[in-house]
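Numbering-wise (this note's numbering), the sequence shown opens with residue 20 and increments by one. Glycine is no exception: its CB is placed at the ideal position from the N, C-alpha and C atoms. On a predicted model such as this, the values are computed, not experimentally measured, just so you know.
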Amino acid sequence: SQVVIAMNVVPVYLTDSTVKSVLEDLPNDPKVGQMTKKELRDTVFKRLNISSVYSVTPSHIKVTKGRNVNIVTVEYEPRGTLIGNLEYIVHFKHEVKITTR
Numbered sequence: 020s021q022v023v024i025a026m027n028v029v030p031v032y033l034t035d036s037t038v039k040s041v042l043e044d045l046p047n048d049p050k051v052g053q054m055t056k057k058e059l060r061d062t063v064f065k066r067l068n069i070s071s072v073y074s075v076t077p078s079h080i081k082v083t084k085g086r087n088v089n090i091v092t093v094e095y096e097p098r099g100t101l102i103g104n105l106e107y108i109v110h111f112k113h114e115v116k117i118t119t120r
């Protein structure tokens with residue numbers, strides 16, 4: 020019923036809210052502007068793990084270099100069972116721009 024569906028889907032959105040806030044906090048860290056693409060990806064992954072987000076893997080985190088900017092994108096699709104053989108797939112994509120020095 021609706022309660023079972025909500026119990027399965029609401030945690031996915033709560034987790035995504037954490038992913039979004041981890042990304043939004045990134046530009047506030049003065050060190051990230053000097054990081055390499057790999058260091059930036061590793062930092063995002065570690066911060067997600069510290070926040071108990073395990074559905075995002077390093078392959079979901081992309082860093083694109085631009086002129087004086089690094090663009091960090093987290094794109095992932097959590098999946099799960101609703102009821103019986105009924106499943107859900109939710110697509111999330113978040114992006115943040117980091118000014119580089």
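Identity of the residue in the options nearest residue i by Cα
i: Asn89; options: Lys56, Ser40, Pro77 and Asn47; result: Lys56
i: Val23; options: Leu105, Glu114, Leu33 and Lys65; result: Leu105
i: Val75; options: Met26, His113, Ala25 and Gln21; result: His113
i: Tyr95; options: Tyr32, Thr83, Pro49 and Asp48; result: Tyr32
Between the CA atoms of residue j and residue i - distance to the nearest angstrom
i: Val63; j: Arg120; result: 19 Å
i: Ile102; j: Pro46; result: 40 Å
i: Val28; j: Gly99; result: 8 Å
i: Ser71; j: Gly85; result: 30 Å
i: Lys116; j: Val41; result: 13 Å
i: Val38; j: Leu67; result: 7 Å
Residue-chain proximity (residue i, chain B), Cβ-Cβ < 9 Å
i: Thr62; result: In the structure shown, chain B does not exist; there is a single protein chain.
DSSP-derived helix/strand/coil call for residue i
i: Tyr107; result: strand
i: Glu58; result: helix
i: Tyr95; result: strand
Same chain only: Cβ atoms within 7 Å of residue i, ignoring 5 sequence neighbours per side
i: Gly52; result: Ile117, Thr118, Thr119 and Arg120
i: Met54; result: Thr62
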